[in-house]
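Visitor: For the record, the sequence lines run as chains A and B.
To convert, note that position 260 of the first sequence is 260 in this note's numbering; the numbers rise steadily by one, no gaps.
One gets this note's numbering by counting positions in the second sequence from 1 and adding 1000 to each.
Mind having a look at this structure? Questions to follow.
2 protein chains.
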Amino acid sequence: MEFSERILGVDTSELRGVLSLIKGGDTISFAGGVPSKELFPLDELREILLEVSGMHDAFQYTSSMGVEELRKELLGYLKERHGINAELGEIMITHGSQQGIDIIGKALVNPGDVIVVEAPTYFVALNTLQIYEPHFIQMELEETGLKTEELESLLRKGEKVKLVYTMPTFQNPSGITMNEEKRKHLIELAEEFDFIVVEDNAYGDLRYEGKRVKAIKHFDESGRVIYLGTFSKIFVPGFRLAWLVASKDLMEKLEVGKMTADVCSNTFGQYVAWKFMERNLLEKHIKRLIDFYKPKRDAMLEALEEFMPENVSWTEPEGGMFIWATVKNGADTKLLLKEAIRRKVAYVPGTVFYALEGGKNQMRLNFTFESIERIREGIKRLAELLS
Amino acid sequence: MEFSERILGVDTSELRGVLSLIKGGDTISFAGGVPSKELFPLDELREILLEVSGMHDAFQYTSSMGVEELRKELLGYLKERHGINAELGEIMITHGSQQGIDIIGKALVNPGDVIVVEAPTYFVALNTLQIYEPHFIQMELEETGLKTEELESLLRKGEKVKLVYTMPTFQNPSGITMNEEKRKHLIELAEEFDFIVVEDNAYGDLRYEGKRVKAIKHFDESGRVIYLGTFSKIFVPGFRLAWLVASKDLMEKLEVGKMTADVCSNTFGQYVAWKFMERNLLEKHIKRLIDFYKPKRDAMLEALEEFMPENVSWTEPEGGMFIWATVKNGADTKLLLKEAIRRKVAYVPGTVFYALEGGKNQMRLNFTFESIERIREGIKRLAELLS
C-alpha cells in the first residue's frame, strides 16, 4: 500500500519530537501556545448553552458558508476592530484558521507554485500548505515586519509568486507587527504582480500597548487579500471556529473547498459564538484576556532584562502570546532543549519555524500559559543555561 | 489569478442547480437526506449541555485523534453493532464522514490513481475525491450489492486499483445492502490485489427489518478496510462528528491529514457525544429513529405499489433513508424534474449519482423527511407525471 506523494512530503517528526519532550508535569513550559483554560467564560457560556439548547436549528446542518447571524456579527466586529469592510457573501466560517489555510491551498495552489512565507513563520501553516506541494521561498522579518523590499526585488527579477502567507500582527513566533507602510507596499506589489496575500490575524486582538493597526485587508481594493481570523485565541478553541474573508470571485471556489472538506462548520458552536457576540460578551472577554496576559508579558520582558546574558536578544511584542529570543554566539537551541528539560524549563527551538533553514540559535517563548512567578523562575533557569 | 487544477476539476454546478430547484415552500420534497429536526433529543441534550458546561477541557483544543473517552465509547458500539474489533489507536474523530473521505483522498490518492465507485454512489464523496484528481471507474450495483465479480475481472485484466469506495449497507442513493458473500469476496480481492476498501456506513444503524449484517471491516484481517461512521444520521448533524477506523499503519498518515486539515475536531461536541453515549442514550435514540422512519418507508413503498405505472421499478431497502426508482422507457428525470416542481413534488435526478455516466432515467426518493400523508400525495403526483 502506498501513500500519496503529498502526504509523504509533510514531515511532522521534528514537531512531534519537540512536543514529546515538553510533556513534563512540573516543567515550566514556555513551549505552548494554547489559551489558559481558567479564563474560559464558563458562567456566561452556561447561560448561552441553555438558550441554544432549545433551538432545533443549532443541531442541524447549516450552509457551507456558515450561520448567517454569526457572520453578520463578525462583519461588525471586523469593521470596528480591523477596518475591514466586507459583505455577507465575503465571509465564511471554517473549522479553525488551519482549515482556512487548507482550503486556500486546495483552491489555489498547484504543485510547484511559489508561496512566500516569513522566516520564521507559523509552522503548522507550513505543514498544511506543504500538502499542496508548493515551492516555498522564505523572506526575513525585521522589526517592522516582512522585508517587502526584498519581496519586490524578487518579483522584479521575474519570480512568479502565487501566495504570500503573512501573520502581520503579533506574529507567531516572533511577536513582530508589520507597519502600515509595509502593509500598503505589500498590497501594491500584489496588484502589480498579481498574487494573493493570505493575512492570518490570529493574535491581532490581543494588544497590550500601542495603537491599533488596520488589517492589510483594509487597504485591499482589488480583492487580493484573503483574511483569516479565529475565535481560538479570543473566545475558546474548543468549537474550532474561525472565519475567512475573501472577494466573491475567490469565495466561489473557496466554498467548493469547504463543501468538499466537511460540508459545513459545526452549527452548534456557531450558534453559541453568535449568541456570545450578540450579548456583547466578546469585547468584554477580550479586555479580560488583555488584563490577564499583559502582566505576564511584562514579567517575561522584565525577567529577560534582569537575567539574560549579553549574548541573548529578544523581541518586545506589543501583543500576542510569544517572545522570540536569539542567542548570538551560535548556540544550538535544539540541543540545548534537552538540558533545559532537565532543568525543568521548556521552549520551542527555532528551526521548526523555518520553511527552509534557519533558527538554529533561536527559540519561541510563550508568556500566556505560566504564572508570573513561574515565568520569572523559568527565565532565570534559561538564563543560567545560556550563560 | 488562477485557481488550482484540482478545484477546477470539481463540478458542483449540476448539484447546485438541483438544490436551487428544490427550495419550494409547499413542495413535497423527496430530495433531501437531512434528519428531521423534530427528532433531535433536545431534552436529553439540555441536561448534557449543562453537565458539559462545567468542564473546562470541553472548550480547549484536544488531540488530533479525538477525545479518548468518546473513542472508547465508540469502540464498544462498533463491536456490539457492527462486529468491528478495534483499538484506541485505530479510531479517529473527524468533522463528518465527509472529512474522513477528504483525509483518505489526501493521504492515499495520487493524481491518476484508480478509484472504483459504485454506480450509482453518494455524489458528495465523488466531489471530495475528485479534488485528488483520481481516475474513477464505476461499477454497477445489483440487488445484492456491488458486482464484485466484475471488479475481479477488471483486476485480473491487470487494472491497478488504489481504492474501492463503497456504502455497503442501505446505500445512498439506492438503499441496496451488500450481502455477506460479496463482503468477503471484496476483502479477498483487496488482499490479493493490494487495494484499500473505504467502507462508508452512514446509514447502517437505521434498519427497519431483516437481520443485522456485519461490517466489511469485520472480515478484514490485514488492515485493508478504512471504516467510516457518523453521528449525523443517528444523533445530530450539528456537531459535525464522525469516526474513521483504520489500521495503525494507515492511521499514522491519516492523522497527519487530520492535523493539517484543522488540528482536531471540535472538543465540545465530542464531550456532548461522549456523555450521550455514556448515558446509554444513543441506543435509545436509534430505536426512536427507527420507530419514526419505518412507517414512512412503508408508506412510500405502499404508495409506489399503488400508484406507479408499470414502466417504473424501485428498490425495497431494509433500512436507511432512500428508495431508488428507475423509469424503464428512457424518461429523462432531469427534464421531468421541472414539471415535477410545477406539480409541487421534488426528487434528485439520477445522473448526479454517477461518477461517469448513467442514471438519466433514475431518481432518488427520500422517505424520512415528509409526513406519511405527504409521502402518499407526493408519490401520487409523481406517478401521474410518469404515466
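Think of the CB as a built atom: it goes at the ideal place given N, C-alpha and C, for glycine as much as any other residue.
Keep in mind that this is a model prediction, so the values were computed, not measured.
1. Can you list, in chain order, the residues of its chain with a C-beta nearer than 6 Å to that of glycine 1330 of chain B? Leave out the 5 residues immediately preceding and following it.
2. Find the residues of chain E that neighbour glycine 1096 of chain B, judging by a C-beta separation of less than 8 Å, and give them in chain order.
3. Start and end of the beta strand (DSSP E) containing tyrosine 1227 of chain B?
4. Is aspartate 1262 of chain B buried or exposed, if buried means 16 or more other CB atoms sit within 10 Å of its CB?
5. Please list the partners that alanine 202 of chain A has in chain B, where partner means a Cβ-to-Cβ separation under 8 Å.
6. Of the choices A/Phe307, A/Thr144 and A/Lys214, whose alpha-carbon is the least far from that of asparagine 85 of chain A?
7. Short check: CB of threonine 1267 of chain B to CB of glycine 238 of chain A, under 7 Å?
8. Keeping to the same chain, check which residues put their C-beta closer than 6 Å to that of arginine 240 of chain A; ignore five residues upstream and five downstream.
9. Note down the Cα distance separating methionine 1388 of chain B from glycine 1100 of chain B, rounded to an integer number of angstroms.
10. Please give me, in chain order, every unbroken run of the alpha helix (DSSP H) with length at least 4 that falls completely inside the segment 1065-1119 of chain B.
11. Please check the pair valine 312 of chain A and alanine 325 of chain A, which I expect to be a contact at CB under 8 Å, by giving their CB distance rounded to whole angstroms.
12. Opposite histidine 135 of chain A in the DSSP bridges: which residues?
13. Once DSSP output is grouped into helix, strand and coil, what is the label at glycine 145 of chain A?
14. Mapping DSSP to helix, strand and coil, what is tyrosine 271 of chain A?
15. What separation, rounded to the nearest whole angstrom, lies between the Cα atoms of alanine 303 of chain A and isoleucine 375 of chain A?
16. CA-CA distance, isoleucine 341 of chain A and threonine 27 of chain A?
17. Cβ closer than 7 Å: which chain B residues qualify as neighbours of glutamine 362 of chain A?
18. Could you spell out the range, first to last residue, of the alpha helix (DSSP H) harbouring valine 256 of chain A?
19. In the segment 1146-1172 of chain B, which residue ranges form an unbroken beta strand (DSSP E) of at least 3 residues, counting only runs that do not cross its ends?
20. Look up leucine 206 of chain A in the DSSP assignment and say whether it is helix, strand or coil.
21. What do you get for glutamine 1366 of chain B, buried or exposed, if any count of 16 or more other CB atoms within 10 angstroms of its CB means buried?
22. Could you tell me which of A/Pro173, A/Pro35, A/Lys258 and A/Arg279 sits nearest to leucine 70 of chain A, measuring between CA atoms?
23. What first and last residue would you give for the alpha helix (DSSP H) that runs through leucine 39 of chain A?
24. Could you check which residue in A/Val161, A/Ser371 and A/Tyr203 has the C-alpha nearest to that of tyrosine 227 of chain A?
25. Less than 6 Å between C-beta atoms, sequence neighbours within five positions excluded: which residues of the same chain meet that for glycine 1350 of chain B?
26. By the 10 Å Cβ neighbour count, where 16 or more other Cβ atoms means buried, how is arginine 390 of chain A classified, buried or exposed?
27. Please classify aspartate 1298 of chain B: does DSSP put it in a helix, a strand, or coil?
28. From the DSSP output, read off the bridge partner residues of serine 1029 of chain B.
29. Using alpha carbons as the reference points, say which of A/Ser53, A/Lys79, A/Ala125 and A/Leu337 lies closest to threonine 12 of chain A.
30. Under 8 Å between beta-carbons, which chain A residues line up against alanine 1107 of chain B? List them in chain order, please.
31. Determine the closest residue to phenylalanine 3 of chain A out of B/Gln1098, B/His1218, B/Arg1381 and B/Gly1257, with distance taken between C-alpha atoms.
32. Pick helix, strand or coil for alanine 190 of chain A, following the three-state DSSP scheme.
33. What number of angstroms, rounded off, separates the C-alpha of serine 371 of chain A from the C-alpha of serine 1232 of chain B?
Guide: Considering the structure as presented:
1. For glycine 1330 of chain B, same chain residues with a beta-carbon under 6 Å away, outside a window of 5 residues either side, are Asn1361 in chain order.
2. No chain E appears in the structure shown, which is made up of the protein chains A and B.
3. Counting along the chain, the beta strand (DSSP E) containing tyrosine 1227 of chain B begins and ends at 1225-1230.
4. The residue is buried, with at least 16 neighbouring Cβ atoms inside 10 Å.
5. The premise fails here: alanine 202 of chain A is roughly 12 Å from chain B at the closest Cβ pair, so nothing lies under 8 Å.
6. The shortest C-alpha to C-alpha distance from asparagine 85 of chain A to any of A/Phe307, A/Thr144 and A/Lys214 is the one to A/Lys214.
7. In this structure, threonine 1267 of chain B places its C-beta atom within 7 Å of the C-beta atom of glycine 238 of chain A.
8. His95 and Gly96, listed in sequence order.
9. With chain B covering only 1001 through 1387, there is no way to say anything about residue 1388 of chain B.
10. Within the segment 1065-1119 of chain B, the complete alpha helix (DSSP H) runs of at least 4 residues are 1068-1082 and 1096-1108.
11. Sure, about 6 Å apart at Cβ, within 8 Å.
12. According to DSSP, which records beta bridges pairwise, histidine 135 of chain A is partnered with A/Val114.
13. Strand.
14. Assignment of tyrosine 271 of chain A by DSSP, reduced to helix, strand and coil, places it in the helix class.
15. When rounded, the distance between both Cα atoms is 8 Å.
16. Our two residues, isoleucine 341 of chain A and threonine 27 of chain A, have alpha carbons roughly 7 Å apart in a direct line.
17. Under the 7 Å cutoff, chain B gives no residues; its nearest Cβ is about 24 Å from glutamine 362 of chain A.
18. Run containing valine 256 of chain A: 248-262, per the alpha helix (DSSP H) assignment.
19. DSSP assignment within the segment 1146-1172 of chain B yields the following whole beta strand (DSSP E) runs of 3 residues or more, N-terminal first: 1163-1166.
20. When secondary structure is reduced to three states using DSSP, leucine 206 of chain A falls in the coil class, being assigned neither helix nor strand.
21. Per the sequence shown, the amino acid found at residue 1366 of chain B is asparagine instead of glutamine. Label assigned to asparagine 1366 of chain B: buried.
22. If you compare the alpha carbons of A/Pro173, A/Pro35, A/Lys258 and A/Arg279 with that of leucine 70 of chain A, the shortest gap goes to A/Arg279.
23. Per DSSP, leucine 39 of chain A is not a residue of any alpha helix (DSSP H), being assigned neither H nor E.
24. The shortest C-alpha to C-alpha distance from tyrosine 227 of chain A to any of A/Val161, A/Ser371 and A/Tyr203 is the one to A/Tyr203.
25. For glycine 1350 of chain B, where only same-chain residues beyond five positions count, the Cβ hits under 6 Å are Thr1333, Gly1359, Gln1362 and Met1363.
26. Examination of residue 390 of chain A is not possible in this model, given that chain A is present from 1 through 387 alone.
27. DSSP places aspartate 1298 of chain B in the helix class (H, G or I) of the three-state scheme.
28. Under DSSP, the beta-bridge partners assigned to serine 1029 of chain B are B/Ala1346.
29. Here the closest residue by C-alpha is A/Ala125.
30. Proximity of chain A to alanine 1107 of chain B at the Cβ level (cut-off 8 Å) is accounted for by Phe3, Ser4 and Ile7, in chain order.
31. Taking phenylalanine 3 of chain A as reference, the option from B/Gln1098, B/His1218, B/Arg1381 and B/Gly1257 with the minimal CA-CA separation is B/Gly1257.
32. Reduced to three states, the DSSP call for alanine 190 of chain A is helix.
33. Spanning the two alpha carbons is a distance of roughly 41 Å.
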